[in-house]
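This report refers to the structure that appears directly beneath it.
There are 2 protein chains.
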Amino acid sequence: MNFSEIVNQIKKKKSYLCIGLDTDISKIPKYLLDFDDPVFEFNKRIIDTTKDLVIAYKPNLAFYESQGSKGLQSLEKTLKYIPNDIFTIADAKRGDIGNTSKMYAKTFFNTFKFDAVTLSPYMGKDSSMPYLEFDEKWIILLALTSNKSSSDIQYFKDSNNKKLYEHILIDSLDWSSKENTMYVVGANRIDELNSIRKIIPDNFLLIPGVGTQGGDLKNISLNSMNDNCGIIVNVSRDIIYSDTSDSFENYVRIKTLEYKDQMEEIMIEKGLL
Amino acid sequence: MNFSEIVNQIKKKKSYLCIGLDTDISKIPKYLLDFDDPVFEFNKRIIDTTKDLVIAYKPNLAFYESQGSKGLQSLEKTLKYIPNDIFTIADAKRGDIGNTSKMYAKTFFNTFKFDAVTLSPYMGKDSSMPYLEFDEKWIILLALTSNKSSSDIQYFKDSNNKKLYEHILIDSLDWSSKENTMYVVGANRIDELNSIRKIIPDNFLLIPGVGTQGGDLKNISLNSMNDNCGIIVNVSRDIIYSDTSDSFENYVRIKTLEYKDQMEEIMIEKGLL
């Protein structure tokens, strides 16, 4: 999926919502455990009830790998089930080099058919380049994450007060573009958005940390959007575990609609619709 | 496996060699492709012919995940096949937080029964802590990697000329110990070893980059060893792809013996045996 297709989907659906398919088999409605593949059955129902309201799904690989080879089968089926016009993100936070990065890129982009993969920037450009050889595929670099101890590392400063995460943004501008690279910025990092948007005014940001993790959707959106919307906001647990009864899909839809309606309002306020 | 068990294995086997099981199905001897699980059959033969000469095996997850759910089955079988007294490292370079890190930790330590997992330090302490709750299991943090562009990030300096990788070593000392944490240092980073050993004199280093990647075993060993040996040197391609005939195991054993004999000599020179 390319840049303008993403922007078009956002405007068409009046939503910049991504649902995190962090499917934990111990948290899904009990009746699903009677199926052959409970994880896929859960995801299928989430997708059915939300696919007209979201522009992206983001399975975190940890939840699938924890089930061994069976988990990867659930993931493969889930990816096949997601409609083609919805952006898919492998939340993998990989970061390796050369041959190994090529293997990961093939895995995520060819085997599983993801549109994008999240990457850790610690090994530099080398670990991203193999992914950028794929047409209309994306890397999403960790820039400033929402967890507490990230500041111990990501706020490490040089003699000009430039922070590590800013250095990483600047470094990546040399070898990537807004057509193939997005950045992860946690929803609680609102004070840094000004500095981030100065460095990367045009790239999409993937913003986790709204919902259960407490980030305020309106505040973070108004402070980070650009003329192409420029942000994808991810919500996981607050949506997918909003209910555990046999009719959980209804609650999931209501919760998703709340987010979507709020996003539509924000986009109108920002003059994007 | 705990610290002293690793040291004992090294002294007993007179070897600090780790073989990287980076098994690429396109590179293994062709006759293996007739088996149900060629990747496992290859690994099995490598293990059979080297298990008395090495103290660790390190499968890189990328090679297994690239085969989808079938790849994870090969990995599961491989882990079960490795003798219990050999240290096993999941080269995964993961780095996530909270719930997700817990999932990965369970995956690597409980599902697959690895002894150790490599982690990216970019998200800080939070991403390591869930792994450290497992008894006699290990994290191996990326410190200074061997790839070219790593210096763009890992040599980022503060106003006191402290480099990012040094900052990460120092930061990790607050929440980890030599009993549960090792560090990855590329074999080509020999000029930095003095500085690294000043910060972490007692921790094990995992050193990749010898062999195909060109690092000099003797030089790097003599400059990084401590009284407990303190290093595990990984060789992948130079050993596992040393021949592609039907009798490749013989060549693999000869190559592994060369490394092992050199290591024994170095350990004697260093007074460790």
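Which chain is which? The protein sequence lines are U and P, in order. Those letters in the first sequence? Residues 1 to 273, per my numbering, in order. Those letters in the second sequence? Residues 274 to 546, per my numbering, in order. Ideal Cβ positions, reconstructed from N, Cα and C, are used throughout, including at glycine. None of the values given here were measured: they were computed from a predicted structure.
Among the options, the one whose alpha carbon lies nearest that of residue i
i	options	result
S195/U	D152/U, Y31/U, A143/U	A143/U
N278/U	T296/P, Y330/P, A389/P, N434/P	Residue 278/U cannot be examined here, being either before or after the span of chain U that is shown, 1 to 273.
Q67/U	D91/U, P38/U, T49/U	P38/U
L392/P	V117/U, T118/U, Y122/U	Y122/U
Q262/U	L53/U, D36/U, N8/U	L53/U
T418/P	N147/U, M182/U, S176/U, I97/U	I97/U
Y51/U	S74/U, K27/U, C18/U	A small correction: the amino acid at residue 51/U is Lys; Tyr does not occupy that position in the sequence shown. K51/U has its Cα closest to that of C18/U, out of S74/U, K27/U, C18/U.
L530/P	S520/P, N281/P, Y289/P	Y289/P
D447/P	V117/U, S149/U, E41/U	S149/U
N234/U	N228/U, N110/U, T111/U, K260/U	K260/U
A204/U	D216/U, S177/U, N84/U, D238/U	Residue identity check: residue 204/U is Phe in the sequence provided, not Ala. Closest by alpha carbon: S177/U.
N43/U	V117/U, N110/U, I239/U, E269/U	I239/U
N147/U	I86/U, E133/U, I207/U, R253/U	I207/U
Beta-ladder partner(s) of residue i, from DSSP
i	result
K331/P	G293/P
A460/P	Per DSSP, none; premise fails for A460/P.
T361/P	Y330/P
R94/U	L119/U
I505/P	L479/P
N226/U	C229/U
W138/U	A116/U
Same chain, Cβ closer than 6 Å to residue i, neighbours up to 5 away in sequence not counted
i	result
P403/P	S374, K375, A378
R45/U	E249
S236/U	G20, D22
F114/U	T88, A90, F108
Y304/P	D519
K436/P	Y428, K430
Cβ neighbour criterion (16 or more within 10 Å) applied to residue i
i	result
G95/U	buried
N250/U	exposed
D475/P	exposed
E465/P	buried
S245/U	exposed
S172/U	buried
G124/U	buried
L33/U	exposed
S26/U	exposed
E5/U	exposed
F35/U	exposed
Three-state secondary structure assigned by DSSP to residue i
i	result
T418/P	coil
K102/U	helix
N523/P	helix
M274/P	coil
T454/P	strand
K528/P	helix
K125/U	helix
K436/P	strand
K14/U	coil
K430/P	strand
T517/P	coil
F381/P	helix
I200/U	coil
S445/P	helix
L545/P	coil
D216/U	coil
E133/U	coil
I40/U	The residue you asked about is not Ile; residue 40/U is Phe in the sequence shown. Helix at F40/U.
G71/U	helix
Proximal residues to residue i (C-beta, below 7 Å), its chain only, five neighbours per side dropped
i	result
E166/U	S195, I199
Y64/U	G71, L72, S74, L75
I170/U	I199
N496/P	I463, L466
I355/P	I320, Y330, T361
N219/U	I190
Cut-off 8 Å between Cβ atoms - residues of its own chain near residue i, not counting five sequence neighbours on either side
i	result
N2/U	E136, E179
L546/P	K284, K287, E537, M540
N226/U	R197, P201, D202
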